[in-house]
Amino acid sequence: MIRPQTCPICDKVVTSSKVDDHFPFCSQRCRDVDLLRWSKGDYVIQRDLSPEEAAMMEAMQNGEIPPDMLD
39 MIRPQTCPIC
49 DKVVTSSKVD
59 DHFPFCSQRC
69 RDVDLLRWSK
79 GDYVIQRDLS
89 PEEAAMMEAM
99 QNGEIPPDML
109 D
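Position in the sequence shown (first residue = 1) + 38 = our numbering.
Quick look at the structure:
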């Protein structure tokens, strides 16, 4: 059985009449809450750094490597 689509913010079921307006959210309010969370940095994508990446980040924080060298 296919589960109904729910809003990622409030978990309300998103009805087909609302899908076009605010998908995947149930309302403009939930869209705004999500945007605010992104803008505040509440959502992050985390991964483990390799030893080389960790050493590079530490050297950059210590001022040994300028940040523009990473580009």
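Ideal Cβ positions, reconstructed from N, Cα and C, are used throughout, including at glycine.
If we call anything under 8 Å between Cβ atoms a contact, is Val52 one with Phe61? Working through the sequence shown from its first residue, we reach residue 52 at position 14. Working through the sequence shown from its first residue, we reach residue 61 at position 23. Taking 8 Å as the Cβ cut-off, Val52 and Phe61 qualify as a contacting pair.
Please list the terminal residues of the continuous alpha helix (DSSP H) segment that includes Lys78. Counting from one through the sequence shown, the residue named residue 78 turns up at place 40. Run containing Lys78: 66 to 78, per the alpha helix (DSSP H) assignment.
Let me know if Cys45 comes out buried or exposed under the rule of 16 or more other beta-carbons within 10 Å of its beta-carbon. Position 7 of the sequence shown holds residue 45. Cys45 should be labelled buried.
So, are the CB atoms of Phe63 and Ile83 less than 8 Å apart? Reading the sequence shown from its first residue, position 25 is the one you call residue 63. Reading the sequence shown from its first residue, position 45 is the one you call residue 83. In this structure, Ile83 does not lie closer than 8 Å to Phe63 by Cβ.
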